[in-house]
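Residue 1 is where the sequence shown starts when you use the UniProt record's numbering, and the numbers rise one by one after that. Just so it is clear, CB atoms sit at the ideal spot from N, CA and C, and this is done for glycine as well. Computed from a predicted structure; not experimentally measured. This report concerns only the one structure given below.
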Amino acid sequence: MKRSEEITQQYFDFLEKHISEVLSGAVPEFMELNEIAGHLAVSHTHLTDTIKKEKGQHPCYFYDQKIISEAKNMIQNSELSIAEIARIFTYDPSNFSKFFKKMTGLTPGAFRKVSRSEA
């Protein structure tokens, strides 16, 4: 395995673990990309360049996509309020709604309504 592939795999493995830890409350907040790079023992620039080369997108794209995927799952499959879900994701509810809408085109409430009507 090439070193760039190894770094990419480590990044995705770290994201899985880290996001799970935040959602379980084991870790108080999401790390910045430069902190993740430090945990992987590479520079922020090297991590960014490697992920872009291997996957065609900035590492933050994948970080945000994983967070949105988890948020969608929680919105669809729990009875928690959107505000409670926002707090689990360490967001202020209004900022969570803005982030969610920017990423999906729908507010969390609209997403819940649509996804439940399709079920």
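Start and end residues, alpha helix (DSSP H) containing residue i
i, result
"F111", "108–118"
"V42", "Unbroken run through V42: none, as it is neither H nor E."
"Y11", "3–24"
"F99", "93–104"
Proximal residues to residue i (C-beta, below 7 Å), its chain only, five neighbours per side dropped
i, result
"M103", "D64, I68"
"E54", "S4, E5, T8"
Close-in-space but distant-in-sequence residues of the same chain around residue i (CB under 8 Å, 5 per side omitted)
i, result
"V27", "H18, E21"
Under the three-state DSSP convention, the category residue i falls into
i, result
"Q76", "helix"
"E35", "helix"
"P28", "coil"
"S69", "helix"
"F62", "helix"
"T50", "helix"
Neighbourhood of residue i by C-beta, 6 Å cutoff - its chain only, sequence neighbours within 5 removed
i, result
"Q76", "S115"
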